[in-house]
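In what follows, a single structure is set out as structure tokens and then discussed.
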Amino acid sequence: MLYGLIVLFGYLLLGEFVAALFAWPVPGSVLGMLLLFATLVVRDRVSPELNASSKGLLPYLPLFIVPASVGIVNYVDLLEQQGLIILLAMLVSLAIGIPVCGWVAQWAIKRIKGGSL
Amino acid sequence: MNIQHAWLAAWNSPYLGLFLTLLSFQLGLWVFRKSQQKPWLHPVMVSVVMLCLIVWLTDLSFERYMSSAKVLSDLLGPVIVALAIPLYENLRSVRRYWLPFVLANVLGGTVTILVAVGALWLLGGSSDVVQSMWTKSITTAFALQIAPGIGAIPAIAAAIIMFTGIFGAIMAPALFRLCGITAPMAQGASLGICAHAVGTSKALELGSEQGAFAALSMSFMGILCALTLPVLLG
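Which chain is which? The protein sequence lines are F and Y, in order. Under my numbering, think of the first position of the first sequence as 1, with each following residue one higher. Under my numbering, think of the first position of the second sequence as 1001, with each following residue one higher.
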């Protein structure tokens, strides 16, 4: 567990280092994830220790977004004014986006796999 | 012995916010399981509503809550790095369909984001709310990392993402039937792109192939948006 955590925090810091080095405005955590992903692809295996830490942490990913989400209590006025149009924009986007994503995927599967799904 | 004094000491403890977060999330998980995984009873939804009510109804201020629960937010960084492991493990399933998968994410993802942002802008949304809408198709963990850099409000972005996920998971099965989307890979990608984490649980209900592609789309969209949005909007 500890070894896995050291690897995860190590890649997080590496990601922040790379982002700062090239002055990219992207999150260090996402760069760290891509660097770890690249390492796994090159080595073509996941060590049992790293796997254990990942399997231990990831089921609780939703828990880690709870505190920031509670921040919504500070925006009650904003939601009263704009909540309805936010909801409307969201629903329109879903009604168009869900079919479009599915169609693009199905069209590409057909074109590339010669008609069979 | 002074019970009132002891109670106040516990209520004012710096661990209170953290404890309430863990407790409400566990209750959320329980409600979600009991409800046969209804999207609108997602553990995050239940937990956040309970915590908001506590902050509203008691003298626990948001600032004091957050100073205690912040340690959980700080752990998002290493948890995002850990997503590299399932991404690597799911890579095999995408090999066969990598081009349709990438096209659906890039084209479909762009359409759904632009429609949402454009519609909100036309309806007269204020600029910080419109900026928050850009993050609608990425999972909250990623959105919270980029929100400050693009002028979005993290809590508004989180709320938009939560509700997009819930409505997307509810609307998707009917839209698939209506629009003739039958390929498991297409259903999974669509749910992952439009409804991220909540959509991925719905996709797992439809089948394991749907689930794998939904999880992959969620990661792919997250990476794509986290790398491009700060550059385009920052």
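Glycine included, each C-beta is placed from N, C-alpha and C at the ideal position. Every value quoted in this text rests on a predicted model; they were computed, and no experiment measured them.
DSSP, read as helix, strand or coil, puts Leu1016 (chain Y) in helix.
A Cβ-Cβ separation of about 4 angstroms places Ala1214 (chain Y) in contact with Gly1188 (chain Y) under the 8 angstroms criterion.
From the beta-carbon of Thr1112 (chain Y), the residues of chain F found nearer than 9 angstroms are Ser93, Leu94, Ile96, Gly97, Ile98, Val100 and Cys101.
Taking the beta carbon of Trp1056 (chain Y) as reference, the chain F residues within 8 angstroms of it are Val73, listed in sequence order. Think of a sphere of 7 angstroms around the beta carbon of Pro67 (chain F): the chain Y residues whose beta carbon falls inside it are Thr1021, Met1066, Ala1069, Lys1070, Leu1072 and Ser1073, in chain order. When rounded, the separation of the alpha-carbon atoms in Ala1158 (chain Y) and Ser47 (chain F) is 33 angstroms. DSSP, reduced to helix, strand and coil, places Gly1118 (chain Y) within a helical segment of the structure shown.
Around Tyr1015 (chain Y), no beta-carbon contact reaches into chain F at under 7 angstroms, the shortest distance being about 14 angstroms. Fewer than three pairs of CB atoms, one per stretch, sit closer than 8 angstroms, so the stretch 62–76 of chain F makes no contact with the stretch 1116–1127 of chain Y. Contact between the stretch 1208–1226 of chain Y and the stretch 1055–1068 of chain Y is absent: fewer than three C-beta pairs spanning the two stretches fall below 8 angstroms. Counting the other CB atoms within 10 Å of its CB gives Val1044 (chain Y) a total of 16 or more, which places it among the buried residues. Shown in chain order are the members of the stretch 1217–1234 of chain Y whose Cβ falls below 7 angstroms from a Cβ of chain F: Ile1223, Ala1226, Leu1227, Pro1230, Val1231 and Gly1234. Thr1139 (chain Y) and Ala1197 (chain Y) have their alpha carbons spaced roughly 6 angstroms apart. By the neighbour-count definition (other C-beta atoms within 10 Å, threshold 16), Gly1192 (chain Y) is a buried residue.
For Leu91 (chain F), the closest C-alpha among the options Y:Arg1064, Y:Val1117 and Y:Gly1180 is that of Y:Val1117. Remark: C-beta atoms of Asn1105 (chain Y) and Leu1023 (chain Y) do not approach each other more closely than 8 angstroms. Contact between Pro1086 (chain Y) and Lys1202 (chain Y) is absent: CB atoms are separated by about 18 angstroms, not below the 8 angstroms threshold.
Taking a 10 Å sphere around the C-beta of Trp1134 (chain Y), we find 16 or more other C-beta atoms and assign the residue as buried. Taking each of Y:Leu1091, Y:Ser1190, Y:Gln1210 and Y:Leu1099 in turn and checking the Cα distance to Arg111 (chain F), the smallest one comes out for Y:Leu1099. In the three-state reduction of the DSSP assignment, Gln1036 (chain Y) falls in the coil class. With fewer than 16 other CB atoms across the displayed protein chains lying within 10 angstroms of its CB, Pro1148 (chain Y) is exposed. Interface annotation for the stretch 1077–1090 of chain Y against chain F: Gly1077, Pro1078, Val1079, Ile1080, Val1081, Ala1082, Leu1083, Ala1084, Ile1085, Pro1086, Leu1087, Tyr1088 and Glu1089, criterion Cβ-Cβ distance under 8 angstroms.
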